[in-house]
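Protein chains: 2
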Amino acid sequence: MIHGLYDVIHRRRDVRAEFTGEPVAPEVLDRILTAAHAAPSVGLSQPWDFVLIRSEPVRKAFHEHVRTERDVFAATLSGAAAERFARIKIDGVLEAGLSIVVTYDPARGGPAVLGRHAIADAGLYSVCLAIQNLWLAATAEDLGVGWVSFYREDFLQELLGIPSGIRPVAWLCVGPVSHLEQVPDLERHGWRQRRPVTDAIHEDRWAG
Amino acid sequence: MIHGLYDVIHRRRDVRAEFTGEPVAPEVLDRILTAAHAAPSVGLSQPWDFVLIRSEPVRKAFHEHVRTERDVFAATLSGAAAERFARIKIDGVLEAGLSIVVTYDPARGGPAVLGRHAIADAGLYSVCLAIQNLWLAATAEDLGVGWVSFYREDFLQELLGIPSGIRPVAWLCVGPVSHLEQVPDLERHGWRQRRPVTDAIHEDRWAG
């Protein structure tokens with residue numbers, strides 16, 4: 001069992017190019033969403049929602065927006081970074097048949113959310129824990145997940161009719177894949193290397 | 001393998017009262033931190049760090065602070081909520097021999113972090129994904145994890161000498177446990193019930 005979890009954790013990738021376009025079986029989707037929903041949340045507030053997007057017009061509209069934001073980011077780069085970025089595919093919105101938008105409702109469980117009075121962002125953290133459960137469950141089911149973050153929150157809110165006050169946290173492309181890359185895309189393309197874990201560890205106090 | 005992951009996801013609890021005080025074996029801690037470090041991150045920025053806290057004076061100082069913040073929250077409650085909260089243990093800082101503080105460095109991988117130009121919080125999200133990997137790995141290793149959020153970030157920053165600009169995201173108590181509860185503490189104590197997952201699902205557009 002331990003081997004199973006670690007295997008999934010290390011095999012998981014952020015997928016852009018490998019979606020086959022095949023559908024996700026309903027019972028698989030159920031298990032994945034149930035896994036996401038089993039995440040811990042501050043004060044048991046469970047502040048997440050999942051918008052399942054299969055509509056092609058909606059995915060196309062989002063993809064157009066992502067292209068625009070890609071250009072915005074590209075304009076901040078020059079030289080080698082600009083060249084590297086030009087080779088990197090940043091989304092599989094059109095290729096994956098399903099996307100899942102995960103949202104955060106700060107009012108859920110309020111007004112007195114146990115454990116959130118001192119840390120306003122604690123509810124947002126809970127939503128991210130649910131996203132990682134979803135991502136690992138999908139990986140265990142041999143699906144790929146790609147988190148697209150080239151978008152403006154207000155655009156997505158309007159596109160999906162998300163009420164004001166509720167915040168979109170992630171657009172996740174989800175679906176069967178031809179394979180999962182062994183090395184993260186950004187590392188393969190020379191954008192950035194992985195840091196040794198030992199560099200991230202401090203003992204009793206911040207060091208370095 | 002699939003069963004293994006789902007088993008861990010659903011067995012995972014937020015632990016307060018069940019720590020035995022026994023140490024975490026070094027090779028187990030290595031696997032857990034390596035799992036956390038394998039999380040996805042925006043632009044492969046890997047913006048997390050882990051401060052391992054075994055010092056008793058540091059844990060005692062933090063625990064005192066948590067008690068004070070517990071009182072701050074309790075003062076906002078009245079009636080049945082106040083009575084329910086009085087029965088709930090909110091931390092195992094003294095009982096667990098190890099705590100891990102996870103931090104976020106927004107400057108890591110900057111200035112042009114791929115995928116963060118439009119969403120400032122994307123780096124913070126990455127740190128939470130690492131926390132969930134850590135939590136699941138610890139659960140698979142038969143350890144308990146308890147996320148303590150009754151603290152002020154500036155207090156913790158000063159206590160651990162964390163540089164300004166780097167943000168503490170979580171204080172996690174980690175250690176062997178007598179058992180994991182089957183039902184979350186807050187549900188057992190009648191603080192809040194779990195929501196049916198079907199209530200969290202929307203199709204193509206926000207509904208309801």
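For the record, the sequence lines run as chains U and W. Sequential numbering from 1 applies to the first sequence in the UniProt record's numbering. Sequential numbering from 1 applies to the second sequence in the UniProt record's numbering. From the three backbone atoms N, C-alpha and C, an ideal C-beta is built for every residue, glycine too.
| Check | Outcome |
| --- | --- |
| Could you have a look at S78 of chain U and say whether DSSP puts it in helix, strand or coil? | coil |
| Please report the distance separating the alpha-carbon of Y151 of chain U from that of A80 of chain W. | 43 Å |
| Is the closest heavy atom of the ligand GDP to the C-beta of R16 of chain U under 7 Å? | The model depicted lacks the ligand GDP and carries no ligand whatsoever. |
| Is there at least one Cβ from chain W nearer than 8 Å to S55 of chain U's Cβ? | yes |
| Classify H37 of chain U as buried or exposed, calling it buried when 16 or more other Cβ atoms lie within 10 Å of its own Cβ. | buried |
| Does the segment 85-103 of chain W come close enough to the segment 171-178 of chain W to have 3 or more Cβ pairs within less than 8 Å? | yes |
| From the DSSP output, which residues share a beta bridge with V98 of chain W? | Note that residue 98 of chain W corresponds to Leu in the displayed sequence, not to Val. W:V174. |
| Pick out whichever of W:H189, W:E181, W:Q157 has its Cα sitting closest to the Cα of E18 of chain W. | W:E181 |
| Taking the straight line between their C-alpha atoms, what separation do you get for V72 of chain W and S164 of chain W? | 25 Å |
| Starting from W135 of chain U and walking both ways along the beta strand (DSSP E), at which residues does that stretch end? | Taken as a continuous stretch (DSSP letters only), W135 of chain U belongs to no beta strand (DSSP E), being part of the alpha helix (DSSP H) at 122-140. |
| Leaving out five residues before and five after H179 of chain U in sequence, what residues of the same chain have Cβ atoms less than 8 Å from its Cβ? | E18 |
| Which first and last residues belong to the beta strand (DSSP E) in which E153 of chain W is found? | No beta strand (DSSP E) holds E153 of chain W; the alpha helix (DSSP H) holding it covers 153-160. |
| With DSSP as the reference, identify every bridge partner of H10 of chain W, one or two as the case may be. | H10 of chain W is not bridged to any residue. |
| Are the CB atoms of F62 of chain U and A200 of chain W within a distance shorter than 8 Å? | no |
| Name the chain W residues that come within less than 8 Å of P163 of chain U, Cβ to Cβ? | W206 |
| Nearest to I88 of chain W by alpha carbon, out of U:G161, U:G43, U:W135, U:A130? | U:G43 |
| Rounded to whole angstroms, how far is the Cβ of V8 of chain U from the Cβ of T198 of chain U, which I believe are closer than 8 Å? | Contact flag wrong, Cβ pair sits at about 23 Å. |
| Applying a beta-carbon distance threshold of less than 7 Å, which residues of chain U neighbour F150 of chain W? | G115, A118 |
| Of the residues W:D154, W:R194, W:A137, which one's Cα is nearest the Cα of G109 of chain U? | W:R194 |
| Do R16 of chain U and D185 of chain U come within 8 Å of each other at the CB atom, strictly closer than that value? | yes |
| Within 10 angstroms of its Cβ, does H117 of chain W collect 16 or more other Cβ (buried), or is it exposed? | buried |
| When burial is assigned at 16 or more other CB atoms within 10 Å of the CB, is A25 of chain U buried or exposed? | exposed |
| Kindly give me the distance between the Cβ atoms of D105 of chain W and P47 of chain W, rounded to whole angstroms, as I take these residues to be in contact under 8 Å. | 5 Å |
| Return the residues of the segment 84-95 of chain W that lie within a Cβ-Cβ distance of less than 8 Å from chain C, sorted by chain order. | Among the protein chains of the structure shown, namely U and W, there is no chain C. |
| Taking C-alpha atoms, which residue in W:F85, W:D121, W:R167 lies nearest to G190 of chain W? | W:F85 |
| For the alpha helix (DSSP H) containing H202 of chain W, name the first residue and the last one. | Taken as a continuous stretch (DSSP letters only), H202 of chain W belongs to no alpha helix (DSSP H), being part of the beta strand (DSSP E) at 201-203. |
| So W171 of chain U contacts chain W; which residues on that side make the cut at Cβ distance below 8 Å? | None at all; the shortest Cβ gap to chain W is about 10 Å. |
| When you compare only the Cα positions, how much space is there between T103 of chain U and D91 of chain W? | 28 Å |
| Buried or exposed for A75 of chain U, please, with buried defined as at least 16 other CB atoms from any protein chain shown within 10 angstroms of its CB. | exposed |
| Counting only C-beta atoms, is R188 of chain U closer than 8 Å to chain W at any point? | no |
| One question on the structure: do P168 of chain U and W147 of chain W come within less than 8 Å of each other, judged by their Cβ atoms? | no |
| From the DSSP output, read off the bridge partner residues of T103 of chain W. | W:D49, W:P168 |
| Quick check: what's the CA-CA separation for H65 of chain W versus E158 of chain W? | 12 Å |
| What whole-angstrom Cβ distance do L5 of chain U and A170 of chain W have, given they're in contact under 8 Å? | Going by Cβ atoms, the distance from L5 of chain U to A170 of chain W rounds to 20 Å, so no, they are not a contact pair. |
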